[in-house]
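Residue 650 in our numbering is what sits at position 656 of the sequence shown, and the numbering runs on without skipping anything.
Quick reminder that beta carbons are idealized off the backbone N, C-alpha and C, glycines included.
Taking it in order: structure first as structure tokens, then the write-up.
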Amino acid sequence: MKKFNIHRVLDGLTSSPSGSSGGSSTSGCGLGGGPGHSGGTAGTPREEIQETLTSDYFQICKTVRHGFPYLPTALAFDPVQKILAIGTRTGGIRILGRPGVDCYCQHESGAAVVQLQFLINEGALVSASTDDMLHLWNLRQKRPAILHSLKFTRERITFCHLPFQSKWLYVGTERGNTHIVNIESFILSGYVIMWNKAIELSTKTHPGPVVHLSDSPRDEGKLLIGYEDGTVVLWDLRSKRADLRVYYDEAIHSIGWHHEGKQFMCSHSDGSLTLWNLRTPNRPFQIIIPHGKIQRDGKKAESCKPILKVEYKTCKNSEPFIIFSGGLSYDKPWRRPSLTIMHGKAITVLEMDHPIVDFLTLCETPYPNEFQEPYAVVVLLEKDLIVVDLTQSNFPIFENPYPTDIHDSPVTCTEYLADCPPDLIPVLYSVGAKHKKQGYSNKEWPISGGAWNLGAQTYPEIIITGHADGSVKFWDASCITLQMLYKLKTSKVFEKQKVEGKPAAEIVEDDPFAIHLMYWCPESRIFCVAGASAYVIVYRFSKHEVNTEVSALEVRLQSENEDIISPEAEMIPPFPDASSQLPSLKDLSGSTNTMTSVGTVKDSLPCLSVKTRPLRMPPGYQAELVIQLVWVEGEPPQPITSLTANSAYGLVAFGNCNGLAVVDFMQKSTLLSLGTVDLYGSTDPYQRQPRSPRRSKQFAAGLTELSDGPVSLELERCKSPTASDHVNGHCTSPTSLSCGSGKRLSSADVTKINRRVPSKPPFRKAQSAACMEISLPVSTEAENRENSFSHSRSSSVSSIDKETKETITALYFMESFVRKNDTAVSPCLWVGTGLGMVLTLSLNLPTLDELRPTEPVTVSPSGTLLTLKGAVLTFACLDCTGTLIHPPYEAWRDPKNNTEDSERARKRKLVMHSPSSSQDMAEHQFAVVCSEKQAKVFSLPSQACLYVHNITDTSFLLRADVVALCGSVCLACFCANGHIMTLSLPSLRPLLDVNYLPVTDARIARTFCFTHEGQALYLGSPTEIQRLTFSQEMCDNLQDMLGVLFTPVETPEAQYRGFLKGLFGGTGGTLDREELFGEATAGKASRSLAQHIPGSGGVEGVKGAAGSAIGELARARIALDERGQKLGELDEKTARMMASAESLSKHAHEVMLKYKDKKWYQF
């Protein structure tokens, strides 16, 4: 490989033109003023750094989905395979087995799932959806696929029933008819039970939709059909007539058989249960209203709420279980949704936290004609899944091994760390295990089907979720699983009520403790959070419990409202080399003294009150410092938009739309508190004109809260820094963040504001969150707060007055070259703003670590100024070999460990980045800066722009991270138009660009994040985390990592009934359904009634599993099944042809005999 002298190359960057075959490129773009093209260079040879990543290393693939299924609608259980299926309103199906076996599949139509039916121990599942389609899913592969579909065109599906070990599915419809579907071929049978034949001819009204179907445990040839109006019909399939009919004056919701098949129980809309005997169908032999008050005068008990479902399960050695949902009295509206368990004379009511969607009783046998012996009840709630142990008298619940509690409080932000230190997971689990609840059942989790192994991926992964109630959860995400490790409640440091004498100026009415931003250093175990009420909490990790007071610090951060006028390109000043132009240091520190409020104007008051008494802090993360922004002259503190910390420096930095603050959390003092404008000093490239008080008041009256109304559409047409940022007249690029509480802006105010807009638009920052919030549809009002962009990096717009404020959008501590003339790296803080400006602050730390707790630390602007198009999102630093430089950190030690020597305990162990061995190479770095529009790579210390890539002109980036992959690094980007892109480093060559997921919800934009090893995640729904990978290696190994849904299990044998019981039991024997429902007897169904649609779950559906032995076996099995099915169809066709030929021959012979002896004149 040809070598170049990097000194000569860098010296000639700003003067030598470039000649690139791929198109024109940028030269002399040290200030980023020129428009660079994709992968453009400034004369730097590509061979300087050998980049190993190519497009072959990348492929987008969803891996696994964690959490509780969003908006569940249906539930099914396979009692032999012991796997559970949950259908949702969005058309999704989650299949759960033992921990690690968790599969997600989705109907393409997105129609809600009405009902699910397992083919017990067959590795298949039938789903019915609201678009009147039946689907057969193949579960014998790791990613289920649809084998067949059947679309009903005339009738709507209301109920389905598949008898055990039967291939004929009963389908009830809204018209009251019952159809029969062959599961193997998914073809409708000609056998139909019409509603008018099922009911009596004298009945003048329609019985309503079919709400229940089940075959008699005593006789498979009898089908019980329940209609909504209270009619129940026992239909004889052989004779095609009704054996009996029962009528009740209350609507039926569900029916349950006794295992002997002589009686059944119905649940009704008046909260009653009726028990019917087949011998006396005229009236029920027992009527129960479990929760109704018994009248003294002998009248019928008062009506209650409907019993939506009842299950009647028998036991051999005890009384039967009657389990039902609903049925509570109307006079107790405060009662929560409940599940009632009646066992003998005992009635137990289990109150639930959420409405009950469905429940299933788990029994020892799959045969309906045996004693059921129930052992558990699976209860599907709207936001939870619980399993009740029926074998213990107090009915405890099982401890749920699935991460179904992600959404206990709405998720507001996420962080994802792959390949983190291996000792973190055991440590977090040990401190989190002490807080687990007690009182669970001591039995194993009953949903234990499937198989799962660790796979080839071995590195540890941790996911952190921040929630609206101020809680933070740490999850073990290794090997594509998810397990709760530790929960931190950040709200414990604040008072619950306002403190008398010092009014708390709470500006966030809903969720004042909501987590907006998080920063975690896994090596030093320093953890910082930024909350909705403009505060930052710094945590340290300790294995020991302590009782101590929490230190509090108040920071005053204010910025004057100014109009920003865009400079011309030639007016941008060059980089200043002298520091004489910087503001004096005495003006950098913000005042933290509390001032007295004048009248009703609040000033220097925090939003929340920190507890002043000593707090008991259990092992785990313990609060060390609480930093709060205060009110300034009646203006509330604005939400924090960027946050970072460094354990080696002992500093935490955060910013918002007003400015930047840097705090020393070791000395607990404020080092810097400046407005964004003051950070520039005399190097500010923008002409800023202070607004008159009158104009400020006019704008102050126009505080707005964006909605989907016409006013918002006017506000959406905001000004953008570049003409290309407008798409169809709408702003599409978020480049500034406005904050604060707001009032609705009237149309008159909008008109006045529009009149004040000059003909030549100034360089005014567009309201990214406003545009995003308007363009993203919100499905329900209940999700409006959850989908608000105020929880994301781009805080929600609330004030036209603050439109021109320059928000701090990115912060990064690192060891780098601060100024052009620097010859050695030094500690610094890189600051990115909403205007695309990059500034560096120099950190002056004590030379001796022993002096660090006492000697002052100074922070001063360096004068370095770089520019990009769009708000800055992320920073990274590479050494001259292209290796990612990690910021220095302090190695973790337990600060409360008293067993160590005092001198040793006080000494910190700092881990600095070790530069390359070559001194020549160690003198240079690459700074990677990415904004929402473009990415640039600068050479340090010369500050020359080496590479620039315009990522998007019509959209904007929501997230960008520099991640490690296959021993190299790349820049991963997620765009608002749904594209996921990766760029090589440092040359910024496009490696991947896939249209993955259009951002249809602000929740996705708020929670999307990348991590090392080519992985990413986002909140796919308010209750679920969707993980994905963009690594080809991960996609290749994914099949080995996924759980197996179907495992070979022998079907339990039916109990021997005995000769006499079989002789006198009155059973109808076995039913030849093929003879009854087959085409030879029943004929063909009308083609206009249903349409068969072949699926993709055959051999083609298993191609993804071709890399593993299980996939090959599954492919062979399906091929054999299909071959056998075709042979079977051929045999049936041949048999039909033979029968037809025999019939024709018979008729011909009869005709011949008839006319054999007749003369010609007798015809």
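*Do you know offhand how far F279's Cα is from A340's?*
Going by the C-alpha atoms only, they are around 21 angstroms apart.
*Does the distance from the C-beta atom of A122 to that of Q109 stay below 8 angstroms?*
Their beta carbons are under 8 angstroms apart, which means A122 touches Q109 by this criterion.
_If you measure between the beta carbons of T670 and G857, is that distance less than 8 angstroms?_
With respect to G857, T670 sits apart: the two C-beta atoms are not nearer than 8 angstroms.
*Tell me, to the nearest whole angstrom, how far the beta carbon of R1188 is from that of E1018; I am working on the premise that it is less than 8 angstroms.*
Residue 1188 lies beyond the stretch modelled for the chain, which goes from -5 to 1157, so this question has no answer here.
_As a quick exercise: from F389, D399, Q661, pick the residue whose alpha carbon is nearest that of L375._
Nearest option by C-alpha distance: D399.
_CA-to-CA distance, F659 to S686, given in whole angstroms_ = Only weak support is given to the placement of S686: the predicted model assigns it a pLDDT of 45, under 50, and the value that follows is read from those uncertain coordinates. Going from the Cα of S686 to the Cα of F659 covers about 38 angstroms.
*Please classify I249: is it buried, with 16 or more other beta-carbons within 10 angstroms of its beta-carbon, or exposed?*
The residue is buried, with at least 16 neighbouring Cβ atoms inside 10 Å.
*Assign I380 to one of three DSSP states: helix, strand, or coil.*
I380 carries a strand assignment under DSSP once its states are collapsed to helix, strand and coil.
*Can at least three beta-carbon pairs, one atom from the region 417 to 432 and one from the region 472 to 484, be found at a separation below 8 angstroms?*
With three or more CB-CB distances shorter than 8 angstroms, the region 417 to 432 counts as touching the region 472 to 484.
*Per DSSP, which residues does A122 bridge with? Please list them.*
Bridge partners of A122: Q109, L128.
*CA-CA distance, V107 and P630?*
In a straight line, the C-alpha of V107 is about 47 angstroms away from that of P630.
*For T452, which of T861, P415, V620 has the nearest alpha-carbon?*
Comparing C-alpha distances from T452 to each of T861, P415, V620 shows the shortest one belongs to P415.
*Give me the Cα-Cα distance between D1066 and S183, rounded to the nearest whole angstrom.*
Between D1066 and S183, the C-alpha separation is close to 14 angstroms.
*asked:* According to DSSP, is M660 part of a helix, a strand, or is it coil?
replied: Correct three-state label for M660: coil.
*alpha helix (DSSP H) segments (min. 4 residues) lying fully within the region 141 to 212*: Runs found: 189 to 192.
*Which first and last residues belong to the alpha helix (DSSP H) in which Q937 is found?*
It is not in any alpha helix (DSSP H) - Q937 carries neither H nor E in the DSSP assignment.
_At the level of alpha carbons, what is the spacing between Y369 and P362?_
Distance between the alpha carbons of Y369 and P362 is about 15 angstroms.
*Taking the alpha carbon of T67 as the point to measure from, which residue in Y51, T48, G61, I87 has its own alpha carbon closest?*
Measuring from the Cα of T67, the nearest candidate turns out to be I87.
_Beta carbon of V866 nearer than 8 angstroms to that of V923_ = It is a contact, given that the beta carbons lie within the stated cut-off.
*Taking the alpha helix (DSSP H) that V421 falls in, what are its first and last residues?*
Run containing V421: 418 to 427, per the alpha helix (DSSP H) assignment.
*Determine the contact status of G255 and P203, defining contact as a CB-CB distance below 8 angstroms.*
Not closer than 8 angstroms, so no.
_Per the DSSP calculation, P855 is bridged to which residue(s)?_
Answer by DSSP bridge pairing, in chain order: L835.
*Since I believe F869 is in contact with N640 (beta carbons under 8 angstroms), could you give me their beta-carbon distance rounded to a whole number of angstroms?*
For N640 against F869, the beta-carbon gap comes to about 13 angstroms, at or over 8 angstroms, which does not count as contact.
*Label T1001 either buried or exposed according to how many other C-beta atoms from any shown protein chain fall within 10 Å of its C-beta, with 16 as the threshold for buried.*
T1001 comes out buried.
_To the nearest angstrom, how far is the alpha carbon of M188 from that of I174?_
When rounded, the distance between both Cα atoms is 12 angstroms.
*For M808: DSSP bridge partner residues*: DSSP lists C822 as partners of M808.
*Look at the alpha carbon of H196 and the alpha carbon of M259, and state the distance between them as a whole number of angstroms.*
Looking at the sequence provided, one finds Ser at residue 196 rather than His. Computed Cα separation, rounded: 26 angstroms.
_On the DSSP bridge list, what partners appear for Y410?_
DSSP output for Y410 lists I457 as bridge partner(s).
*Whole runs of the alpha helix (DSSP H) within the region 314 to 362, excluding any shorter than 4 residues*: The qualifying runs do not exist here; there are none.
*Applying the criterion that 16 or more other CB atoms from any shown protein chain within 10 Å of the CB defines a buried residue, is H155 buried or exposed?*
Looking at its Cβ environment, which holds 16 or more other Cβ atoms inside 10 Å, H155 is buried.
*Quickly, what does DSSP pair S1025 with across the bridge? List them, please.*
S1025 pairs with F52.
*Specify the secondary structure class of C473 as computed by DSSP and reduced to three states.*
DSSP places C473 in helix when its eight states are reduced to three.
*Use the C-beta contact count for N115: other C-beta atoms within 10 angstroms, 16 or more gives buried, fewer gives exposed.*
Classification of N115: buried, given that the 10 Å Cβ count is 16 or more.
*In angstroms, rounded to a whole number, what distance separates the CA positions of H142 and I1087?*
Spanning the two alpha carbons is a distance of roughly 6 angstroms.
*From this set, K161, D470, G433, which residue's C-alpha is nearest G94's C-alpha?*
The option with the nearest alpha carbon to G94 is D470.
*Throw me the rounded Cβ distance for the Y51 and Q1026 pair, which I believe falls under 8 angstroms.*
Y51 to Q1026, Cβ: 5 angstroms. Contact.
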